[in-house]
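Per the numbering used here, the sequence shown starts with residue 1, numbered consecutively.
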Amino acid sequence: MGKPLVAVFSGAGMSTDSGIPDYRGPQGLWRREPDAEKLVTYEYYMADPEVRRRSWRMRAEIGALAAGPNAAHLAVAELERSGTPVRVITQNVDGLHQLAGVPARKVLELHGTAREVVCTACGVRSGMEEALDRVAAGEPDPSCLRCGGILKAATVMFGQHLDPEVLAQAVAIAKGCHVFIAVGSTLQVQPAASLAGMAAGAGARLIIVNAEETPYDPLADEVIREPIGTALPALLARIAG
């Protein structure tokens, strides 16, 4: 019998040790600045140039492209290298799982990637770094160089639907895995959060690693409240045996 398939479902709490603020935690961006949610809401973003300018400034200030993987990301990559079948389903858009060494084909980015920008008119993609360079050079709301359309991060904003193909793959992994580890997620954003319930319902061992309670804690076989940077490496070492 082969090794069990381990699904790692990661949320914003996974990346806070890399210096990327989360959104809904005790010190989350939404609690500190509730109006910030407008900056990543599609309707507001498309309708209001000032929202777009603030959104670009926020991206420049957060410095997500400068962030590197932390101990938790590296532990997932180490588990994958050990020969254990691993699939990562992430709500994060920072690309840190791939930078840590998890092959891109084994990472499902439910909410897209902040490392690219996409034109909302013609669909062409380019690098986020290039767009931020244009902002730094004096373009507060850079437009598409091909057609002049509105540029946005290649992320799924509030008011946009998840890619149905990516979501279908995530559902298949949740229903087919033997261990489902939800780490750093409040498990409140649907439909992504429901993957934890699907996994438990299909017989997977559900483990939740998060500082605060989640709606799926009652279904979990194990709930870990310790800091992710130390708790996840220890957990994955235990699973690797």
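Here a beta-carbon is modelled for each residue, glycine too, at the ideal position from N, C-alpha and C.
Buried or exposed, going by whether 16 or more other CB atoms sit within 10 Å of the CB of residue 177? The residue labelled residue 177 in the question sits at position 177 within the sequence shown. Buried.
Sequence-distant residues of its chain with Cβ nearer than 6 Å to residue 137 (five each side left out): Walking along the sequence shown from the start, residue 137 turns up at place 137. Here residue 137 has no same chain residue with a Cβ atom under 6 Å from its own Cβ, once five neighbours each way along the sequence are excluded.
With C-beta atoms as the reference, is residue 15 less than 8 Å away from residue 145? Here the question's residue 15 lines up with position 15 in the sequence shown. Here the question's residue 145 lines up with position 145 in the sequence shown. Taking 8 Å as the Cβ cut-off, residue 15 and residue 145 do not qualify as a contacting pair.
Segment contact, 8 Å Cβ cut-off, at least three pairs: the stretch 96–116 with the stretch 153–161: Cβ pair count under 8 Å is three or more, so yes.
Excluding the five sequence neighbours on either side, which residues of its own chain have a C-beta within less than 7 Å of the C-beta of residue 129, listed in chain order? Sequence index remark: in the sequence shown, residue 129 carries index 129 (1-based). Correct list, in chain order: 65.
Relative to the alpha-carbon of residue 242, which residue among 5, 133, 223 has its alpha-carbon at the smallest distance? The structure shown does not extend to residue 242, since the chain is modelled only from 1 to 241, so the question has no answer here.
Secondary structure of residue 228, DSSP reduced to three states: Against the sequence shown, residue 228 aligns to sequence position 228. In the structure shown, residue 228 sits in a helix (DSSP, three-state: H, G or I).
With residue 57 as the anchor, note down where its alpha helix (DSSP H) starts and where it stops. Position 57 of the sequence shown holds residue 57. For residue 57, the uninterrupted alpha helix (DSSP H) run begins and ends at 49–62, by DSSP.
Name the residue from 139, 59, 7 whose alpha carbon lies nearest to the alpha carbon of residue 77. Counting from 1 along the sequence shown, the entry for residue 77 is found at position 77. The shortest Cα separation from residue 77 among 139, 59, 7 belongs to 7.
Taking the alpha helix (DSSP H) that residue 171 falls in, what are its first and last residues? In the sequence shown, counting from the first residue as 1, residue 171 sits at position 171. According to the DSSP assignment, residue 171 belongs to the alpha helix (DSSP H) that extends over 164–176.
Is the stretch 50–65 in contact with the stretch 219–238, if contact means three or more CB pairs nearer than 8 Å? Too few Cβ pairs lie closer than 8 Å, so no.
Supposed close pair residue 246, residue 110 - CB separation, criterion 8 Å: There is simply no residue 246 to check, as the chain begins at 1 and stops at 241 in what is shown.
Pairwise C-alpha distance: residue 147 and residue 213: Locating residue 213 in the sequence shown gives position 213, where the first residue counts as 1. Locating residue 147 in the sequence shown gives position 147, where the first residue counts as 1. Straight-line spacing of the CA atoms in residue 213 and residue 147 works out to 46 Å.
With burial defined as no fewer than 16 other Cβ atoms inside 10 Å of the residue's Cβ, what is the status of residue 26: buried or exposed? The sequence position of residue 26 within the sequence shown is 26, counting from 1. Bear in mind that a pLDDT of 49 at residue 26, under 50, signals an unreliable position, so the number given afterwards is only what the model happens to contain. Exposed, by the Cβ-count rule.
Of all Cβ atoms in chain D, is any one closer than 8 Å to the Cβ of residue 176? Of the protein chains in the structure, only one exists, and it is not chain D.
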